[in-house]
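**Q** Here the protein sequences come in this chain order: A and B.
Letter 169 of the first sequence, counting from 1, is numbered 169 in the working numbering, and no numbers are missing.
Throughout, the working numbering is defined as the position within the second sequence, counted from one, plus 448.
Glycine residues also receive a C-beta, built at the ideal position from the N, C-alpha and C atoms.
I have a structure I would like to understand better, so I am pasting it below and will then ask my questions one at a time.
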Amino acid sequence: MALTGIQIYKLLPKTNCGECGVPTCLAFAMSLAAGKAELAACPYVSEEAKAELADAAAPPIRAVEIGTGERKLKIGGETVLFRHEKTFVNRPGIAVLVTDEMRDEAVGGRLERFKTLAYERVGLTLQADLVAVKSASGDASKFGALTAKVKDETEAGIILMTEDVSVMEAGRKACGDRKPLMYAANKENADGMSALSKEHGCPLAVKGNGLDEVSELTTKLTEEGLHDLVIDSGARGIRKALEDQIFIRRGALLKKYKPLGFPTIAFPCEMTDDLMQESLIASMFVAKYGGIIVLSDLQGYALFPLLLSRMDIYTDPQRPMATSPGVYEVGGPNEDSPVLVTCNFSLTYFIVSGEVEASRVPAWLVVVDTEGLSVLTAWAAGKFVGDLVGTSLKKCGIMDKVGHKKVIIPGYAAAISGDLEDELGDWEVLVGPRESAHIPAYLKEWQP
Amino acid sequence: MALEIPKMSYNGVIKEIPLGKEANPVIVGGETSYPFYLFEGEMPHPPKIAMEVYDAPPEEWAQAALEPFADVINDPAAWAQKCVSSYGAEMVALQLASTDPNAQDNSGEHAVEVTKKVAAAIDVPLIVLGSNNLEKDTEVLKMVAEACAEERLILGPVTEGNYKALGAASLAYHHTIAAGTPIDINQAKQLNILLGNLGVPDERIMVDPTVASLGYGLEYCYSVMERDRMAALTQEDERLQFPIVCNLAKEVWKTKEAKLTEQEAPLLGDPLKRGVLLEAMTALLLLLAGGDILIMRHPDAVQLVRGFMDDLMAN
Ligand code: B12
Ligand code: SF4
C-alpha cells in the first residue's frame, strides 16, 4: 500500500545531496509519495530500500493477465470493497467450460456460441472472454487435442484445467504462445505446476481447501518467484463461496495480507445443474469479487443478463458515461427527414439511435448536453428543460439542415413542450413516444 | 503468518417493522450486518418477496409475463389469491397503475374498490402503490387509507411532496409508509426525519429508494442502497435504519430486452427464460445491496430468487 512521505524518507540516505533534483531527501520523499517523482532519480538509495518501496507500491490485489492479443484479459487490481468508494476496475472474465469427454457437437456448440453471442451496448461489445478446457479423461493426448481445437477455432484466452502435471504440460504445449491460465496447483502437485508456470511464464491458479491452505500455497509459490496467481478457495456452496470472496478481498485490502492479494476464480458450473440458477450465482460473483467466473454453457437468455450485470457493476460511479452533444445523422437524412432530440447520457443515446436506425427512416438526432444525465433525471435536475433544449437546437445548426420546422421530443419530457415552443418561435414541438421501443412505429408515420 | 479475517464492527441495527394484519404479522428488518454477511451478524427476518397485482388488465406486457396470469388479469382479487396460494407470495403489491392520468386515469373510488377486494381476498400484508404522479397519488392514496382503515396496508410512494397528507392519513388509519425518494441517500434520510417529526412512529416507516432495471441504471440504485446500509449499520445513522422496499418488476419488464421475441433477437435466446432472469438477477443484486422487500412479477423469477436466498441463509 502507499507509504507516506515520512515513511519513505526513513528509507532514503538522508544526505540531502540534491542529485535527485530537489534540495533534500525529505522533499524527494514527499514527491515520491505524491507520485511526482521516480525512485530511480536518487542514485544512492540502497537495494533493500528499493525492494521495500517496490513492495509497498505494489497494489494490494495483483493484476493478472491471461491470453494474448486483442482478447487479452486483465483481472484483479481492485482497490475497494464497495464500488461507490472509487470504482471496480477490471471486469471479471466470463469463461465457458468444455471437457475432453464431451461429444464433439457439444464442444462445437459451446465454441460457436462463444463466438457468436456478442452484444453491442453503449458502444461496447459485451461477450464472454475465456474458454476453460478441462481434462475429464485424464488422458494427456485427448486434452492436448481439445486444447488445440479451442486455440485454433477461437481467439479466446484459455484456462487449462487439470491437476495432473503431465496432462497440463500437454495442454500448455497445445496452447502455443497463448498464455493460458493453468488451473490448478494444489498441495500435492504444487512443485510440478510451479516449475511449469515458471518455465513458460503462464499465470497459475491455486486451489486449496479453505483459505489457510490457499495462503500456504500462494506463500510457497511467491517464494519460488511466481507472482501471477489466481485463487480458488474450494468452496462450492453459495453461502460459503460468498464468505470466502469477502474474506479474500478484505484480507488483501484491509489487512494487506499478501497471500490473499490475488484475483479469484469461481465455478458456478460446479455449484448447480440448472443454467438459470448458475447465471444467478455468476451474478453474485460479479457483485462480490469474482475475478474469473466459469460457466457450464453459454445461452443468450442467461449470458445477456449476466453481461449486463457486469457492465453495471463495473461502471465508474464517479462519472456517467456521456456522448458528445451535437447533431448525429442516422441513415443518411435529408432536409425532409425528422429531427429527434435526446440527452447525452450514453445509455440513452445508444438506445435511441439504435431504435431510429432500426426504423429505417433516415433521421437527425440532436443530442443535448445534459452532463450525462438520462432524460427524466436531466429534466428533474433542470438540464433538459424548454429554454436549454431550445438554445441547443438553435445553436447546433440543425435548423439550416432541414426544410421543415418540427422537432420530436421524448414522451417522458412532454412537460417541456410549451416552453420549448415559446423558445423556438415558429417551430412545432411533437411529443414522441415514451419508450424508445415505440420509435420505429412512430417514425414510419412521419410526414415533413 | 496466519490471517485473522477482518470483521466489521457494526453499531447500528435495522429496525424491525411488523406488517399486515395484527393477528398474522410478517416482520421485516432486524439486520445487524451487511446483507447476507452472516459470519458477522444476523438477519432474523430474511427478505420477503411481494408479488405484483394490477388494478386493471395490463397493456403491452411481454407474453412471458402475462402467461401465468392470463386467467386472472381481469380480477385483481383472484390474481392476488393466485399469487399467494399458487406461488407462495409472502406479500402482495397492488399497483394502482390505471390511476395514472397518462394512462386510464381511473378514479380514487375505483382504486378503493379494488384495494378492498384484494385486501379481503388475502391474509398476507398488502402493499398499495400509486402511479408515481404526485397529485393523483396524494388524492388516491388518501382515499384508500381512509376507506381501508385498520387493514394495515403499506402505502407508497409517499414522497416529499405529499408526506404531510399521506403521513397523517396513515397515522390516523394505521397504515405503514413506504417513503419514496429518487436514488438519493440524503433525501431518503430527510424524508424519514420529516415523517418522524410528523409523529409517524418508526415501526411504520420503510424506505423506497427508487430502483431501476439491470442495464438501465441499476448500478446507481445498487450503490445508493449499499451506502444507505453502510450509514445505517456502521455510522449510527439512526434515520436510515429502516427496511428497504424495491419496486423492481415494473422496471425490468418495461425494458426492450424483456419484451423482444426470439425471432426479433435470436442472440438473446428464449424470451421466457430471458425475462425471468432479467427480473431475478435485478432482484438478486438489489438483495445483495440491502433490499428487504422485493416487489416481483414472474413466478419463475420468484422461485429462483427464493431458492437463492435459502442457499445464502443455509447453514
Ligand atoms: C439512475 C437514475 C439517476 C442517476 C443518474 C443516472 C443518469 N446518468 O442519468 C442519479 C442517481 C445520479 C440520479 C439523480 C437524480 N434523479 Co434520477 N433516476 C435514475 C433512474 C433510476 C433511472 C434513469 C435511467 O438511467 N433511465 C434509463 C434511460 C435510458 O432512460 P431515458 O434517458 O429516459 O431514455 C428512455 C426514454 O426517455 C426514451 N427516449 C430517450 N430519448 C428519447 C428521444 C425521443 C425523441 C423519444 C421519442 C424517446 C426518447 O428512450 C429511452 C428508453 O426507453 C430513474 C428512475 C427509473 N427507474 O427510471 C430516476 C429518476 C429519473 N430520477 C429522478 C430524480 C428526481 C432525480 C434527482 C433530481 C434527485 C435528486 N437527487 O435531487 C437527481 C438529479 C440529478 C442531479 N445531478 O441533480 C426522478 C425524476 C422524477 C420526475 N418524473 O421528474 C426519477 C424518475 C425517479 C423517481 N421516480 O423519482 N438519477
Ligand atoms: S539524491 Fe537521494 S540522497 Fe540525494 S537528496 Fe535526493 S534523495 Fe537524498
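#1: Could you spell out the range, first to last residue, of the alpha helix (DSSP H) harbouring B:Ile-631?
#2: May I ask you to check if the CB of A:Ala-18 is nearer than 7 Å to at least one heavy atom of the ligand SF4?
#3: Can you give the beta carbon distance from B:Val-501 to B:Trp-527, rounded, assuming they're within the 8 Å contact cut?
#4: Work out the CA separation of A:Leu-298 and B:Glu-712 for me, nearest whole Å.
#5: Applying the 10 Å Cβ sphere with the 16-neighbour rule, what's the burial state of A:Lys-149?
#6: CA-CA distance, A:Leu-53 and A:Ile-8?
#7: Within the 8 Å Cβ cut-off, does B:Glu-705 reach chain A?
#8: Which of helix, strand or coil does DSSP assign to B:Tyr-664?
#9: Check for me: the alpha helix (DSSP H) holding A:Leu-275 runs from which residue to which?
#10: Just the Cα atoms here: how many angstroms apart are A:Gly-411 and A:Gly-382?
#11: Measure the Cβ-Cβ separation of B:Lys-584 and B:Leu-614 and say whether it is below 8 Å.
#12: Rounding to the nearest angstrom, what Cα-Cα distance links B:Ala-512 and B:Leu-725 in this structure?
#13: Could you give the uninterrupted runs of the beta strand (DSSP E) lying entirely in the region 186-269 of chain A, keeping only those of 3 residues or more?
#14: Report all residues from its chain with a CB closer than 6 Å to the CB of B:Pro-506; omit the five preceding and five following residues, and keep chain order.
#15: Between the alpha carbons of A:Ala-449 and A:Leu-11, how many angstroms are there, rounded?
#16: Within its chain, find whatever has a CB closer than 8 Å to the CB of B:Phe-517; leave out the 5 residues flanking it on each side and keep chain order.
#17: For a contact defined as C-beta to C-beta under 9 Å, what are the partners of B:Glu-674 on chain A?
#18: Beta carbon of A:Thr-24: closer than 7 Å to some heavy atom of the ligand SF4?
#19: Using a C-beta to C-beta distance shorter than 7 Å, which residues of chain A count as neighbours of B:Gly-717?
#20: Is it buried or exposed for B:Glu-684, if we count other Cβ within 10 angstroms and need 16 for buried?
#21: Excluding the 5 residues preceding and the 5 following A:Arg-319 in the sequence, name in chain order all residues of the same chain whose CB lies nearer than 8 Å to its CB.
#22: Given that a residue counts as buried once 16 or more other Cβ atoms are within 10 Å of its Cβ, and exposed if not, what is A:Ile-6?
#23: Mapping DSSP to helix, strand and coil, what is A:Gln-299?
#24: Have a look at B:Leu-681 and B:Glu-490 and give me their C-alpha separation to the nearest angstrom.
#25: Buried or exposed, going by whether 16 or more other CB atoms sit within 10 Å of the CB of B:Glu-705?
#26: State yes or no: is the C-beta of A:Leu-3 nearer than 7 Å to some heavy atom of the ligand SF4?
#27: Using only the alpha-carbon positions, how far apart do A:Gly-91 and A:Met-311 sit?
#28: Should A:Leu-53 be listed as close to the ligand SF4, given that the test is whether its C-beta is under 7 Å from any heavy atom?
#29: List the endpoints of the continuous beta strand (DSSP E) containing A:Gly-93.
#30: Measure from the alpha carbon of B:Ile-429 to the alpha carbon of each residue in B:Gly-460, B:Leu-752, B:Trp-701 and B:Ile-743, then state which is nearest.
#31: Which runs of the beta strand (DSSP E), 3 residues or longer, sit entirely within the region 700-759 of chain B?
#32: For B:Thr-586, does the three-state DSSP call read helix, strand or coil?
#33: What are the residues of the region 570-596 of chain B that lie near chain A, defined by any Cβ-Cβ distance shorter than 9 Å?
#34: With 16 as the cutoff for other CB atoms within 10 Å, does B:Gly-723 come out buried or exposed?
#35: Would you mind stating whether B:Pro-719 and B:Leu-735 have Cβ atoms separated by less than 8 Å?
#36: Sort B:Leu-716, B:Ile-741 and B:Asn-472 by Cα distance to B:Val-572 and report the nearest one.
**A** A quick look at the data gives this:
#1: Counting along the chain, B:Ile-631 falls outside any alpha helix (DSSP H), and DSSP gives it neither H nor E.
#2: It should be noted that the sequence gives Gly, not Ala, for residue 18 of chain A. Checking the Cβ of A:Gly-18 against the ligand SF4 gives yes.
#3: 5 Å
#4: 19 Å
#5: Around the beta carbon of A:Lys-149, a 10 Å sphere encloses 16 or more other beta carbons of the protein chains shown; the residue is thus reported as buried.
#6: 8 Å
#7: It does; some Cβ of chain A falls within 8 Å.
#8: coil
#9: From DSSP, the alpha helix (DSSP H) with A:Leu-275 extends over 275-287.
#10: 17 Å
#11: no
#12: 12 Å
#13: 204-207 and 229-232
#14: none
#15: The structure shown does not extend to residue 449 of chain A, since chain A is modelled only from 1 to 448, so the question has no answer here.
#16: Trp-527 and Lys-530
#17: Phe-82, Arg-83 and His-84
#18: yes
#19: Gln-299, Gly-300 and Tyr-301
#20: exposed
#21: Gly-372
#22: It is exposed - the Cβ of A:Ile-6 has fewer than 16 other Cβ atoms within 10 Å.
#23: coil
#24: 12 Å
#25: buried
#26: no
#27: Checking the displayed sequence, the identity of residue 91 of chain A turns out to be Arg instead of Gly. A:Arg-91 and A:Met-311: Cα-Cα distance of roughly 8 Å.
#28: no
#29: 93-99
#30: Past the edges of chain B, shown from 449 to 763, lies residue 429 of chain B, and the structure says nothing about it.
#31: 741-744
#32: helix
#33: none
#34: buried
#35: B:Leu-735 sits away from B:Pro-719, with the two beta carbons spaced by 8 Å or more.
#36: Distance check between B:Val-572 and each of B:Leu-716, B:Ile-741 and B:Asn-472 places B:Asn-472 closest, using alpha-carbon atoms only.
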